[in-house]
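Asker: Numbering (my numbering), first residue to last: 753 to 1031. Using N, Cα and C, we set each Cβ at its ideal position, and we do this for glycine too. Just passing along the structure, written as structure tokens.
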């Protein structure tokens, strides 16, 4: 009997075949690097030893910016104002958006399709147009002298509600309705069903919507300029400051926000895994 032939050598893939097989992963990695790189630069430049008015070139490692995060009282005041407006707008927008989401998903009414279309207008309309329209509204109703904290907050609630509705609706659409029916079959009242079954299932979507609304509110500049009156939020302070100087504290505060966001995400992941492990 003839001896067995040696196994065929493994054929190497051509560069074109390798590129075709790994194209999606490579593109996803490059997009991730492109999105993360500005944050890394901000974090790196927050440890720079600033020389002159602008923190654009690396001059050496220093913790001076982190020791004194506020370059001036105006910076701290504008940051606190942005956080305060963001918290109020987030709470109101989250409450309204969650109720609207439940109404849109759980109920059928005549104006449902029209309201669903109107909810997307704040996200699709240019911010300049929306800001100018709100400025004209407030100017003709309360006057330019009364524009300030509450006009900014109302404007932020208006466009944050749309993002909350979209996020919470997605969570509600993915819920299994049999869980609520099972609770009702076990003689749970509507309040008990909502508090013990529905709310815990929707809570991750509500939390994500609240974080998104807060980030959008704190970050907004264009609409805020039209509705701020004499107030100055943190994005407005940065824009005005860049015209004459760029202190390292701006990068420090941006890095604090970045690290705080990463900490919240990490904690949510740890708590989610711990909850899943207990089950």
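1) Could you have a look at residue 754 and say whether DSSP puts it in helix, strand or coil?
2) Helix or strand or just coil, what does DSSP make of residue 806?
3) To the nearest angstrom, report how far apart residue 929 and residue 888 are at their CA atoms.
4) Tell me, to the nearest whole angstrom, how far the beta carbon of residue 904 is from that of residue 842; I am working on the premise that it is less than 8 Å.
5) State the beta-bridge partners of residue 800 as determined by DSSP.
6) Measuring alpha carbon to alpha carbon, tell me which of 804, 835 and 785 ends up nearest residue 966.
7) Pairs of beta-carbons, one from the segment 917–933 and one from the segment 849–856, closer than 8 Å: are there three or more?
8) Suppose contacts are defined by Cβ-Cβ distances below 7 Å. Is residue 794 in contact with residue 1007 by that definition?
9) Cutting at 7 Å between CB atoms, please list the residues of its own chain near residue 758, excluding the five before and the five after it.
10) Is it true that the CB of residue 985 sits closer than 7 Å to the CB of residue 782?
11) Going by other Cβ atoms of all chains shown within 10 Å of its Cβ, with 16 needed for buried, is residue 916 buried or exposed?
12) Which residues in the same chain as residue 849 place their Cβ atom closer than 7 Å to its Cβ, once the five residues preceding and following it in sequence are excluded?
13) Got a sec? Which residues, its chain only, sit under 8 Å from residue 874 by beta carbon, not counting five neighbours each side?
14) Output the distance between the C-alpha atoms of residue 955 and residue 785, rounded to the nearest integer angstrom.
Answerer: So, to answer that:
1) Caution is warranted here: a pLDDT of 49 is assigned to residue 754, below 50, making its placement in the model unreliable, and no coordinate value can be reported.
2) Strand at residue 806.
3) Just so you know, the alpha carbons of residue 929 and residue 888 end up roughly 45 Å apart.
4) Incorrect: roughly 13 Å between the Cβ atoms, too far for contact.
5) Its beta-bridge partners are 813.
6) Out of 804, 835 and 785, 835 has the C-alpha closest to the C-alpha of residue 966.
7) Three or more beta-carbon pairs separated by less than 8 Å link the segment 917–933 to the segment 849–856, which places the two stretches in contact.
8) Yes; because the gap between Cβ atoms is below 7 Å, this pair is in contact.
9) Low confidence applies to residue 758: its pLDDT is 49, below 50, so where it sits in the model is not reliable, and the reading given next is rough at best. Cβ-Cβ distances below 7 Å link residue 758 to nothing in the same chain once the five nearest sequence neighbours on each side are left out.
10) No.
11) Buried is the label assigned to residue 916, since at least 16 other Cβ atoms lie within 10 Å of its Cβ.
12) Hits under 7 Å: 913, 916, 917, 920 and 961.
13) 882, 910, 911, 913 and 914, listed in sequence order.
14) Distance between the alpha carbons of residue 955 and residue 785 is about 31 Å.
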